[in-house]
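See below for the structure under consideration.
Laid out in structure tokens, this is it:
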């Protein structure tokens with residue numbers, strides 16, 4: 002494989018700052034990402050943002066199938082030209098944020114899409130696909146900061162849900178994802194509601210081209226078969242409660258929830274007490290389980306102000 006600089010020069014390409022393109026080039030860190038995914042020939046991998054394919058090739062050599070979703074049409078052309086010969090690789094020109102992760106998307110194609118020339122319009126991710134998807138799949142992604150939260154939430158909320166995500170993000174974001182009660186954030190709750198995150202390793206800025214201003218880190222998220230907030234029946238309301246709690250995280254929960262949910266303070270205090278939560282606590286101190294208990298109580302119609 003040609004060095005990245007030669008590969009980009011071959012196709013007259015430069016990283017696009019507007020798309021957050023910082024390509025990981027260090028072989029050691031690339032190998033660590035693949036190792037964290039723990040791939041076998043039985044695995045299907047959804048790769049988000051493959052760029053010039055430095056990771057795509059390694060995934061295709063270890064996984065049974067790889068579906069690489071790339072937004073940049075120029076990178077799609079490069080991927081098709083350089084890696085289109087891999088029979089287990091499907092390259093899709095699409096925006097992951099507007100692409101539903103459906104059984105059809107994950108199913109093997111009836112024809113090989115990488116044999117087709119790249120288009121300057123995103124191709125239909127459902128073209129040439131029967132409905133015989135794999136039982137499960139894994140996600141590997143190098144995510145730009147500005148869409149990290151949106152992409153992670155989109156993937157975790159998908160049906161079918163991936164069994165594992167291995168994502169490369171800014172180190173600060175990685176630390177927020179794996180936070181524990183006392184340092185929780187809306188992002189941490191959003192991830193930990195669906196899976197158990199683990200910080201795999203850090204990656205220095207110099208391992209990327211071009212080098213970003215900050216270091217990155219790899220996070221592995223193993224989704225739950227039985228989530229810690231299993232009692233939650235209305236996920237939309239759960240996150241409405243959590244967002245209200247974090248809207249002014251320096252304030253006590255009784256105040257932020259009353260304002261955010263537009264409920265009487267006394268009713269909120271009663272709900273917090275029924276959930277076993279001190280009304281004077283702050284949002285960052287709650288675990289996902291506690292948010293689940295609180296949501297369950299708040300859903301009940303019997304919460305009224307004390308007389």
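Residue numbers (our numbering): 2 to 308.
In this text, a Cβ means the ideal position worked out from N, Cα and C, and glycines have one as well.
With a cutoff of 8 angstroms on beta-carbon distance, residue 179 and residue 49 are scored as not near each other.
Taking C-beta separations shorter than 6 angstroms and ignoring five residues to either side along the sequence, the partners of residue 197 in its chain run 223, following chain order.
Looking at the DSSP output, residue 91 sits in a beta bridge with 68.
Residue 108 and residue 63 have their C-alpha atoms roughly 18 angstroms apart.
Burial check for residue 212: the Cβ neighbour count within 10 Å stays below 16, so the residue is exposed. The beta-bridge partner set that DSSP reports for residue 171 consists of 217.
DSSP, read as helix, strand or coil, puts residue 196 in strand.
Using a C-beta cut-off of 8 angstroms, the region 67-87 makes contact with the region 40-54, since at least three inter-stretch Cβ pairs fall below that distance. Between residue 256 and residue 289, the alpha-carbon positions lie close to 20 angstroms from each other. Within the region 222-302, the complete alpha helix (DSSP H) segments of 4 residues or longer fall at 236-247, 254-262, 266-275 and 289-300, listed in chain order. Residue 165 is bridged by DSSP to 139 and 223. Annotation for residue 87: 61 place their beta carbon closer than 7 angstroms to its own, counting only its chain and skipping 5 residues before and after. As DSSP reads the structure, residue 204 sits in a beta bridge with 217.
Put simply, the backbone Cα of residue 301 is about 30 angstroms away from that of residue 153.
When 265, 279 and 232 are compared, the shortest CA-CA separation from residue 296 is found for 232.
Taking every protein chain shown into account, the CB of residue 101 has fewer than 16 other CB atoms within 10 angstroms, so this residue is exposed. Residue 266 and residue 19 have their alpha carbons spaced roughly 44 angstroms apart. DSSP places residue 26 in no alpha helix (DSSP H); its state is neither H nor E.
Looking at the backbone, the Cα of residue 15 and that of residue 249 are separated by about 41 angstroms. For residue 47, the secondary structure class from DSSP, reduced to helix, strand or coil, is strand.
Setting aside the 5 residues that flank it on each side, residue 31 is surrounded in the same chain by 25, 55, 56 and 59, each with a C-beta closer than 8 angstroms to its C-beta; the list follows chain order.
In chain order, 51, 54, 57, 69, 71 and 92 place their CB closer than 7 angstroms to the CB of residue 80, counting only its own chain and leaving out the 5 sequence neighbours on each side. In this structure, the CA atom of residue 172 is about 12 angstroms from the CA atom of residue 143. Residue environment for residue 235: exposed (fewer than 16 other C-beta atoms within 10 angstroms of its C-beta).
The Cβ atoms of residue 137 and residue 34 lie no closer than 8 angstroms to each other. Here residue 162 has 224 as same chain residues with Cβ atoms under 6 angstroms from its own Cβ, once five neighbours each way along the sequence are excluded.
Here residue 147 carries a helix assignment [DSSP, helix/strand/coil]. Going by DSSP, residue 181 is part of no alpha helix (DSSP H) at all; its letter is neither H nor E. Listed as beta-bridge partners of residue 210 by DSSP are 24. In this structure, the CA atom of residue 275 is about 15 angstroms from the CA atom of residue 258.
If you look at residue 104, you'll find it in the alpha helix (DSSP H) that goes 104-107.
The alpha-carbon separation between residue 191 and residue 240 amounts to approximately 8 angstroms.
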